[in-house]
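Student: I have a structure I would like to understand better, so I am pasting it below and will then ask my questions one at a time.
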Amino acid sequence: MMKIEKITPFLVDKFLLVRVYTDQGVIGNGEAGLWAHHRMVHRAILDLSDYYIGKDASRIEHHFQTVSRDAHFMGAALSAALSAIDIALWDIAGKSAGQPLHRLLGGKVRDKIKVFANVNGATLEERAASAQEQVAAGYLSLRMAPFLPGFERKTPSQMIGEAVATVAAVRDAIGYEIDLGLEIHRNLRPEEAILLAHELLPFRILYYEDPLAPESLEAMEYIAKSVPLPMATGERFYNIFQFKDLIDRKIVSLIRPDVSLAGGITQVRKIAAIAEAAFVGVFPHLMGSPVNIAAFCQLDASIPNYVLMESHTGADAYNDIVDCPVARQGGYLLVSDRPGIGLEIDESKLGSYPYQPKKIVGAFHADGSVAH
Ligand SMILES: [Mg+2]
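Numbering-wise, the sequence shown is residues 7 to 378 according to my numbering.
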């Protein structure tokens, strides 16, 4: 039996990594995805480590069930801590078997992972140029927020007109053979989301991501049944039960589980299976470091209903914290066949990236009330 000896969380720049050490020298790497509140999760990982130390590293499902159901307290901080440890335990399972994680999950159902690129820019011209650059780089799928900076301060009508013009500018720049999805970042009220969606119909929008704040599924249901665009949501959900409820309501085409928040490999592969049975696609929400990219790719490679995720090139600036970052090829990530999630964290590099906590700054309308 391979025993867990130690669990150490690392606050690194804007990431929270975890390493699980075993008595046989195999070390697992994971990452937590509650990115606005990493210090809470850092503390939660230390707290949970009391349970794990001395336990059999191979009993991954058993540990998830024991810890998550011990006292039935729930929440995103606890789930993010559990997710990070779970990913590390699957990494250990792969490394101790000498196999890539995807092989433990049933093997590859795809050879490479299709990813989207974000379209950026503060003006219509910048957006159009950004979209063309991403297509030239090989991306077949783009995503954008349709709003330009400062939209919170305008009237809903003005905001909707500007959003439509922004989408039109990008479609004009890239044509209609490239996929285009819209990320609304929970910024609209129901009436705004409904009006905007109807005006966007001519632009062949692949998905309408998070038009509303995530707390009310009833509100999401109202929107989904009132708008003609495919809906995507779920990046703030933190357990299988929330996804089951979402899928059962028949209001989404795509779900956005974050492996580092929604229960690790253990739970997100089950969430994917629930979605598969309803023809709902999996569109994982990827934040974090090169460790998260590697872990997500292993799961994406093994589930039949994977659709898309972030290219997340912003994480490439941190590639030196691992020995073998995931390789990119145009609009795809390549699936590693190295053991586990396919990399090791170089702890000697972590000190170069002091923790950068996210500050709460808010966003406000012209009258001073809170936007979003
Ligand atoms: Mg999103």
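We put the CB at the ideal spot given by N, CA and C, even for glycine.
Please list, in chain order, all residues of the same chain as residue 159 whose beta carbon is under 6 Å from its beta carbon, the five residues on each side excluded.
Tutor: 372
Student: Is any non-hydrogen atom of ligand 1 found closer than 7 Å to the C-beta of residue 264, if you look at the structure I gave you?
Tutor: No heavy atom of ligand 1 is found nearer than 7 Å to the CB of residue 264.
Student: Using a Cβ-based criterion (distance less than 7 Å to any ligand heavy atom), does residue 69 qualify as near ligand 1?
Tutor: No, the Cβ of residue 69 stays beyond 7 Å of every heavy atom of ligand 1.
Student: Between residue 191 and ligand 1, is the CB less than 7 Å from at least one heavy atom?
Tutor: Yes, ligand 1 has a heavy atom inside 7 Å of this Cβ.
Student: As an exercise, report each continuous beta strand (DSSP E) stretch of at least 3 residues that is fully enclosed by the region 73-143, in chain order.
Tutor: 118-124
Student: Closest to residue 156 by CA distance: which of 49, 226, 129 is it?
Tutor: 129
Student: Using DSSP with H/G/I as helix, E/B as strand and the rest coil, what is residue 8?
Tutor: Note: residue 8 maps to coil in three-state DSSP.
Student: Please confirm whether any heavy atom of ligand 1 lies closer than 7 Å to the CB of residue 318.
Tutor: no
Student: Quick one: any contact between the region 90-109 and the region 59-70, if contact means 3 or more CB pairs under 8 Å?
Tutor: yes
Student: Please report the residue range of the beta strand (DSSP E) in which residue 308 lies.
Tutor: That residue, residue 308, is in no beta strand (DSSP E); it is neither H nor E in DSSP.
Student: Buried or exposed: which applies to residue 94, given that a residue is buried once 16 or more other Cβ atoms fall within 10 Å of its Cβ?
Tutor: buried
Student: With 16 other CB atoms within 10 Å as the buried threshold, where does residue 370 fall?
Tutor: exposed
Student: From residue 375 to residue 28, what distance separates their C-alpha atoms?
Tutor: So the alpha carbons of these two residues sit roughly 51 Å apart.
Student: Starting from residue 327, trace the alpha helix (DSSP H) in both directions and tell me its first and last residue.
Tutor: Counting along the chain, residue 327 falls outside any alpha helix (DSSP H), and DSSP gives it neither H nor E.
Student: What I want to know is whether the C-beta of residue 215 ends up closer than 7 Å to one or more non-hydrogen atoms of ligand 1.
Tutor: yes
Student: Return the chain-ordered list of same chain residues with a C-beta closer than 7 Å to the C-beta of residue 32, the five sequence neighbours on each side being excluded.
Tutor: 8, 98, 101, 102
Student: Here's a check: name, in chain order, each residue in its chain whose Cβ is nearer than 6 Å to the Cβ of residue 336, leaving out the five neighbours to either side.
Tutor: 144
Student: Could you give the residue range of the beta strand (DSSP E) that holds residue 148?
Tutor: Per DSSP, residue 148 belongs to the beta strand (DSSP E) from 147-150.
Student: Less than 8 Å between the beta carbons of residue 89 and residue 266, yes or no?
Tutor: yes
Student: Relative to the alpha-carbon of residue 207, which residue among 227, 16, 233 has its alpha-carbon at the smallest distance?
Tutor: Comparing alpha carbon positions, the residue from 227, 16, 233 closest to residue 207 is 233.
Student: Would you check if the region 239-248 and the region 261-275 touch, i.e. whether three or more CB-CB distances between them fall below 8 Å?
Tutor: yes
Student: Using the three-state DSSP reduction, which class does residue 298 fall into: helix, strand or coil?
Tutor: Residue 298 carries a helical assignment under DSSP once its states are collapsed to helix, strand and coil.
Student: Hey, how far is the Cα of residue 257 from the Cα of residue 364?
Tutor: C-alpha separation (whole angstroms): 32 Å.
Student: Assign residue 37 to one of three DSSP states: helix, strand, or coil.
Tutor: strand
Student: Quick one: Cα of residue 222 to Cα of residue 30, how far?
Tutor: 47 Å
Student: Taking the alpha-carbon of residue 174 as reference, which of 153, 297, 79 has the nearest alpha-carbon?
Tutor: 153
Student: Whole angstroms are fine: how far does the CA of residue 345 sit from the CA of residue 194?
Tutor: Cα-Cα distance, rounded: 44 Å.
Student: Considering residue 21, what are the terminal residues of the beta strand (DSSP E) in which it resides?
Tutor: 21-28
Student: Please report the residue range of the alpha helix (DSSP H) in which residue 57 lies.
Tutor: 44-58
Student: Enumerate in chain order the residues of its own chain whose CB-to-CB distance from residue 19 is below 6 Å, with the five nearest sequence positions on each side excluded.
Tutor: 359, 362
Student: For residue 248, is the classification buried or exposed, using 16 other Cβ atoms within 10 angstroms of its Cβ as the cut-off for buried?
Tutor: buried
Student: Could you spell out the range, first to last residue, of the beta strand (DSSP E) harbouring residue 339?
Tutor: Residues 338-340.
Student: Alpha carbon to alpha carbon, what distance is there between residue 353 and residue 169?
Tutor: 44 Å
Student: Say yes only if the C-beta of residue 2 is nearer than 7 Å to one or more non-hydrogen atoms of ligand 1, and no if none qualify.
Tutor: Examination of residue 2 is not possible in this model, given that the chain is present from 7 through 378 alone.
Student: When the Cα atoms are used, what is the spatial distance from residue 235 to residue 333?
Tutor: 33 Å
Student: So does residue 291 have its beta carbon nearer than 7 Å to some heavy atom of ligand 1?
Tutor: yes
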